[in-house]
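Visitor: Got a structure here, written out as structure tokens. Questions coming.
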Ligand SMILES: [Ca+2]
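Residue numbers (my numbering): 17 to 117.
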């Protein structure tokens, strides 16, 4: 998994493609932002995909506050992309089993 993420990080085009696909999937009502419910589902899907432990509601809320850079209550694509890139970097640097959750 780490190698897959590393390759994505090294190729902006591929990373953008992956991020877009994931964002589109998460944006269930297709309004181009991720609302809190969609965010919750998205985090579950992401943890499932990456084999990470499922966070609880409080952790999801804290994460959402961190990702929502302009505090609009919703996550736009740019915010999502920054979040995803940082997450991938953290996984590549520390290894998937050594993340703080
Ligand atoms: Ca939405």
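Backbone N, C-alpha and C fix where the C-beta goes; we use that ideal spot for every residue, glycine too.
Quick caveat: nothing in here was measured; it's all calculated off a predicted structure.
(1) Whether or not the stretch 92 to 101 and the stretch 26 to 35 are in contact is what I'm after, with contact meaning three or more pairs of Cβ atoms, one per stretch, closer than 8 Å; do they touch?
(2) Looking only at C-alpha atoms, which of 26, 80, 62 and 30 sits nearest to residue 41?
(3) Using only the alpha-carbon positions, how far apart do residue 84 and residue 75 sit?
(4) Throw me the rounded Cβ distance for the residue 50 and residue 90 pair, which I believe falls under 8 Å.
(5) Compute the distance between the beta-carbons of residue 54 and residue 64, then report whether it is under 8 Å.
(6) Nearest CA to the CA of residue 113: which residue from 66, 56 and 94?
(7) Does the beta-carbon of residue 108 have 16 or more other beta-carbons within 10 angstroms, so that it is buried, or is it exposed?
Guide: Answer, in terms of the structure:
(1) Segment contact: the stretch 26 to 35 against the stretch 92 to 101, three or more CB-CB distances shorter than 8 Å; contact assigned.
(2) Numbered from its first residue, the chain shown carries residue 41 at position 25. Of the listed residues, the one whose Cα sits closest to residue 41 is 62.
(3) Taking the chain shown and counting its residues from 1, one reaches residue 84 at position 68. Taking the chain shown and counting its residues from 1, one reaches residue 75 at position 59. Approximately 14 Å, taken between the alpha carbons.
(4) In the chain shown, residue 50 corresponds to position 34, counting from 1. In the chain shown, residue 90 corresponds to position 74, counting from 1. Their Cβ separation, rounded to whole angstroms, is 6 Å, which keeps residue 50 and residue 90 in contact under 8 Å.
(5) Numbered from its first residue, the chain shown carries residue 54 at position 38. Numbered from its first residue, the chain shown carries residue 64 at position 48. Not in contact: residue 54 and residue 64 (Cβ atoms no closer than 8 Å).
(6) Your numbering for residue 113 matches position 97 in the chain shown. Nearest option by C-alpha distance: 66.
(7) Here residue 108 corresponds to residue number 92 of the chain shown, with the count starting at 1. Burial call: buried.
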